[in-house]
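Numbering (the working numbering), first residue to last: 2 to 115.
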């Protein structure tokens, strides 16, 4: 459960969106929008411990299917990337928050891609 050590997550969308800078302060740390195209989202993770620097991630968002054989309107566009945060020499407070956070049990999850 990231809420034990994450204070907020900031999403910087394309400038064509109204209010392109969005801040989420509680799980599931996500935003929902509609559109078409491709652009880079800047995601900045702020931690509860003010001595830990924020982490910035860059995610290329594709709002269209790359497969030329895909039937439009019939499938969900799936474009996933895996990122991992490694805390080297965390502060004592951050180490405590990281090691005592509640583990989440996730159920089965399957993308509708076929």
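No residue lacks a Cβ here, since even glycine has one placed at the ideal position from N, Cα and C.
Since we're looking at a predicted model, the values are computed, not measured.
Taking residue 7 as the centre and dropping the five residues before and after it, the same chain places the C-beta of 30, 46, 47, 48 and 49 closer than 8 Å to its C-beta, in chain order. Distance from the CA of residue 54 to the CA of residue 94, rounded to the nearest whole angstrom, comes to 13 Å. Between the alpha carbons of residue 59 and residue 96 lies a distance of about 25 Å. The beta-bridge partner set that DSSP reports for residue 15 is empty.
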